[in-house]
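As structure tokens, the structure follows; a few thoughts come after it.
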Amino acid sequence: MAAQAVKTRQTAAIIEGTHTEVFCSAYQDRIFLIVSQFEKIGTLVSVNRMSPTESSSKREAQTFNTRILMGSDEEIWHVYAKQIGALITEHASKPVLLGIALKKHSPQILQQILKLLETNRVW
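Residue numbers (this note's numbering): 65 to 187.
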């Protein structure tokens, strides 16, 4: 029996004046994402949903466990990872492996990244 191909999408956009690459792959056991403004994987974060909720469409009702696997363990990467995890778990229950490397971060940048991921979703 032949294995299914890994569904992958890649795109780029200018976010707050900076070229930003997004790479999304849906593997059988998890979603792998890279969001980079440095052409590097950056900090690698594991994101797992901890407690399922009655209404999975409400991001604020979900709880996530984030763990830095490689790179700088800064609180901002946990914030981004939890928001990205919330976006993905609206449609899929797989854990997320996120590579993130950004020059700047702000709520506006996060919202633009979430929109870019949503328009290029593989989950």
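We put the beta carbon where it would ideally sit given N, CA and C, even for glycine.
Small disclaimer: the values here were computed from a predicted structure and weren't measured.
In this structure, R131 keeps its C-beta atom at 8 Å or more from the C-beta atom of S100.
Annotated three-state conformation of T82 is strand, per DSSP. Per the coordinates, the alpha-carbon of T127 lies some 28 Å from the alpha-carbon of T84.
Comparing alpha-carbon positions, the option among H155, K71 and I164 lying closest to I177 turns out to be I164.
Distance from the Cα of L181 is smallest, within the candidate group S157, S89 and P159, for S89. Apart from sequence neighbours up to five positions away, the residues of its chain that approach A156 with a beta-carbon distance below 7 Å are I95 and W187, ordered along the chain. E80 and Q172 do touch by the CB rule: their CB atoms are close to 7 Å apart, below 8 Å. Beyond the five residues adjoining it in sequence on each side, K104 comes within less than 7 Å, by CB distance, of A165 in the same chain, given in chain order. In the assembly as shown, Y144 is a buried residue. Its beta-carbon has 16 or more other beta-carbons within 10 Å.
In this structure V160 is buried. Its beta-carbon is surrounded by 16 or more other beta-carbon atoms within 10 angstroms.
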